[in-house]
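Take 5 as the starting number for the sequence shown in the numbering used here and just add one per residue. For reference, the structure is listed below as structure tokens.
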Amino acid sequence: MLAGMQAGEAQLEGLAALFARGAVAVLTGAGISTESGIPDYRGPETRRRARNPIQFRDFLHRPEARLRYWARSMIGWPKFMHARPNRGHTALHALEQEGRLSGLITQNVDGLHTDAGSRSVVELHGSLREVVCLACGTLHERAWLQRELEARNPNFGDAELAPDGDADVEDERLERFELVHCTCGGALKPHVVFFGENVPRPRVDTAMEILSGARALLVVGSSLAVYSGLRFVHAAKKREIPVAILTLGTTRGDPDASLRIDARAGDTLTQLHALLSAPR
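Structure representation (structure tokens):
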């Protein structure tokens, strides 16, 4: 492994060789979206200010946890929605258009792959652009909820964007925050998989179909710290197809990687696409 921000020539050639084998399945994590301004939980910049994500059991059973989450979310949402696809997302879309991908699996909930134009995308953990009622199951647009929250909580203030689209808010500000509920009166939850929840089986099955149609797996921007992503590295190993990992810092999948690149996703994927598109 060559440490640093830039992939070396030999590493780019190694990636190109994987694509020469046939269609590649791509698994992305938060590291591909940091270049769009969305922080992650475990990247080099956020390890120094670790922040624990909300747990599903707390959101479900503790009203104060729901209030804290939605207060933070109301503040963080506008900045989150202003994020735009970066060069990494654009390069993956170009590779898909050229028929070089069997599909794209993402652990991200930001929708930036779809915004970039990618079509064969499995959002393992769902999307922050929807909310679901825990009582009746009705889906609502997150944009609707934002309007309602802002109407009930004017001049609530600002804060720094946090990894899951929310923001850090001091406890004393929470005392004056008013929640919004579903039209049935039920509690609302972002339509994403929280820590402590399981990824829906149909989603996993669809993602595994993408892997089954691939000749290699490329992991981009994921530490593979949670099993929802690591399972695909294990599955690739079982199928005896090579795994390449492109991310800053170490990952739990490193022992199973045939190619490991410690570099920024946007630069490397852009260079990879240029290399694959160049006359040979």
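Virtual Cβ for every residue (Gly too), placed ideally from N, Cα, C.
Checklist line | Segment contact, 8 Å Cβ cut-off, at least three pairs: the region 201-210 with the region 125-138 | finding: Verdict: yes, contact present.
Next item on the list: Let me know the secondary structure DSSP gives Glu49 once reduced to three states.
Entry: Stepping through the sequence shown from its first residue, residue 49 is reached at position 45. With a pLDDT of 49 at Glu49, under the threshold of 50, the modelled position of this residue cannot be trusted; read the value that follows with caution. In this structure, Glu49 counts as coil in the three-state DSSP scheme.
Item checked: Straight-line gap, Ala147 to Ser124 (C-alpha atoms, nearest Å) -> As a position in the sequence shown, residue 147 is number 143, starting the count at 1. As a position in the sequence shown, residue 124 is number 120, starting the count at 1. Those two C-alpha atoms are separated by around 24 Å.
Margin query: How far does the alpha helix (DSSP H) with Pro204 in it extend, from its first residue to its last?
Written below: Along the sequence shown, one-based indexing puts residue 204 at 200. Pro204 -> no alpha helix (DSSP H), and no H or E assigned at all.
Notebook entry, point to check: Expressed to the nearest angstrom, what Euclidean distance is found between the alpha-carbon atoms of Gly189 and Gly103?
Noted result: If you number the sequence shown from 1, residue 189 lands on position 185. If you number the sequence shown from 1, residue 103 lands on position 99. So the alpha carbons of these two residues sit roughly 47 Å apart.
Note to self: Could you check whether the Cβ of Ala95 sits closer than 7 Å to any heavy atom belonging to the ligand GDP?
What the structure shows: Here there are no bound small molecules, and the ligand GDP is not part of this structure.
Checklist line | Assigned secondary structure, Ala54 (DSSP; H/G/I helix, E/B strand, else coil) | finding: By 1-based counting over the sequence shown, the position of residue 54 is 50. Reliability of the predicted coordinates at Ala54 is poor, the pLDDT of 48 falling under 50, and no value is obtained from them.
Next item on the list: Express the C-alpha separation of Ala261 and Leu96 in angstroms, rounding to a whole number.
Entry: Here residue 96 refers to the residue found at position 92 when the sequence shown is read from its first residue. Here residue 261 refers to the residue found at position 257 when the sequence shown is read from its first residue. Those two C-alpha atoms are separated by around 20 Å.
Notebook entry, point to check: Going by C-alpha distance, which of Ser226, Gly257, Phe198 and Leu263 is nearest Asp62?
Noted result: Locating residue 62 in the sequence shown gives position 58, counting from the first residue. Nearest to Asp62 by alpha-carbon distance, out of Ser226, Gly257, Phe198 and Leu263, is Phe198.
Checklist line | Rounded C-alpha distance that separates Asp23 from Ala14 | finding: Working through the sequence shown from its first residue, we reach residue 23 at position 19. Working through the sequence shown from its first residue, we reach residue 14 at position 10. Reading off the sequence shown, one finds Phe at residue 23, where the question assumed Asp. Going by the C-alpha atoms only, they are around 14 Å apart.
Margin query: Can you tell me which residues form a DSSP beta bridge with Arg264?
Written below: Here residue 264 is taken as the residue at index 260 of the sequence shown, counted from 1. DSSP, once it has assigned bridges, lists Ile249 as partnering Arg264.
Next item on the list: Can you give me the Cβ contacts of Met78 inside the same chain, cut-off strictly under 6 Å, excluding the 5 residues immediately before and after it?
Entry: Counting from one through the sequence shown, the residue named residue 78 turns up at place 74. Leu153, listed in sequence order.
Note to self: In whole angstroms, give me the CA-to-CA distance for Arg25 and Gly41.
What the structure shows: Residue 25 sits at position 21 when you count from the first residue of the sequence shown. Residue 41 sits at position 37 when you count from the first residue of the sequence shown. The alpha-carbon separation between Arg25 and Gly41 amounts to approximately 34 Å.
Check: Does the beta-carbon distance from Gly270 to Gly92 come in below 8 Å?
Finding: Taking the sequence shown and counting its residues from 1, one reaches residue 270 at position 266. Taking the sequence shown and counting its residues from 1, one reaches residue 92 at position 88. For Gly270 and Gly92, yes; Cβs fall inside 8 Å.
Next item on the list: May I have the straight-line CA-CA distance separating Arg256 from Pro67, to the nearest angstrom?
Entry: To locate residue 256, count along the sequence shown from 1; it is residue 252. To locate residue 67, count along the sequence shown from 1; it is residue 63. Take the alpha-carbon of Arg256 and the one of Pro67: they are about 35 Å apart.
Check: If we ignore side chains and look at the alpha-carbon of each, how far apart do Ala11 and His277 end up?
Finding: Stepping through the sequence shown from its first residue, residue 11 is reached at position 7. Stepping through the sequence shown from its first residue, residue 277 is reached at position 273. Each residue's Cα considered, the two are about 13 Å apart.
Next item on the list: Figure out for me which residue from Tyr231, Asp258, Leu149 and Leu263 has the closest Cα to the Cα of Ala191.
Entry: In the sequence shown, residue 191 corresponds to position 187, counting from 1. Of Tyr231, Asp258, Leu149 and Leu263, the residue nearest in Cα terms is Leu149.
Item checked: Whole-number beta carbon distance between Ile265 and Ile249, since they are thought to touch under 8 Å -> Sequence index remark: in the sequence shown, residue 249 carries index 245 (1-based). Sequence index remark: in the sequence shown, residue 265 carries index 261 (1-based). With 8 Å as the limit, Ile249 and Ile265 qualify as a contact, their Cβ atoms being about 7 Å apart.
Note to self: Quick check on Glu100: does DSSP put it in helix, strand or coil?
What the structure shows: Taking the first residue of the sequence shown as 1, we reach residue 100 at position 96. Helix, per DSSP.
Margin query: Going by DSSP, what residue range makes up the beta strand (DSSP E) through Arg133?
Written below: Within the sequence shown, numbered from 1, the residue matching residue 133 stands at position 129. Start and end: Gly130 to Cys137.
Notebook entry, point to check: Can you give the beta carbon distance from Leu279 to Leu16, rounded, assuming they're within the 8 Å contact cut?
Noted result: Looking up residue 279 in the sequence shown gives position 275. Looking up residue 16 in the sequence shown gives position 12. 6 Å between Cβ atoms; contact.
Note to self: In whole angstroms, give me the CA-to-CA distance for Thr274 and Ser281.
What the structure shows: As a first step, residue 274 is located in the sequence shown; it is residue number 270 there, counting from the start. As a first step, residue 281 is located in the sequence shown; it is residue number 277 there, counting from the start. Approximately 11 Å between the Cα atoms of the pair.
Check: Who pairs with Pro194 in a beta bridge, going by DSSP?
Finding: Numbered from its first residue, the sequence shown carries residue 194 at position 190. DSSP output for Pro194 lists Val135 as bridge partner(s).
Item checked: Proximity to Arg180 [Cα-Cα], best of Arg133, Asn157 and Gly200 -> Here residue 180 corresponds to residue number 176 of the sequence shown, with the count starting at 1. Residue Asn157 holds the alpha-carbon nearest to the alpha-carbon of Arg180 among Arg133, Asn157 and Gly200.
Checklist line | Straight-line gap, His117 to Trp74 (C-alpha atoms, nearest Å) | finding: Working through the sequence shown from its first residue, we reach residue 117 at position 113. Working through the sequence shown from its first residue, we reach residue 74 at position 70. Taking the straight line from one Cα to the other gives about 25 Å.
Notebook entry, point to check: Is the beta carbon of Val28 sitting closer than 8 Å to the one on Ala220?
Noted result: By one-based count along the sequence shown, residue 28 stands at place 24. By one-based count along the sequence shown, residue 220 stands at place 216. Against a cut-off of 8 Å, the Cβ pair of Ala220 and Val28 comes out as a contact.
Note to self: Measuring only the C-alpha atoms, how far is Asn112 from Ala239?
What the structure shows: In the sequence shown, residue 112 corresponds to position 108, counting from 1. In the sequence shown, residue 239 corresponds to position 235, counting from 1. Near 20 Å, if we compare the C-alpha coordinates of Ala239 and Asn112.
Notebook entry, point to check: Who pairs with Gln59 in a beta bridge, going by DSSP?
Noted result: Residue numbering aside, residue 59 sits at position 55 when the sequence shown is read from its first letter. DSSP output for Gln59 lists Phe199 as bridge partner(s).
Next item on the list: Find out if the Cβ-Cβ distance for the pair Pro194, Leu132 is shorter than 8 Å.
Entry: By 1-based counting over the sequence shown, the position of residue 194 is 190. By 1-based counting over the sequence shown, the position of residue 132 is 128. Going by C-beta atoms, Pro194 is nearer than 8 Å to Leu132.
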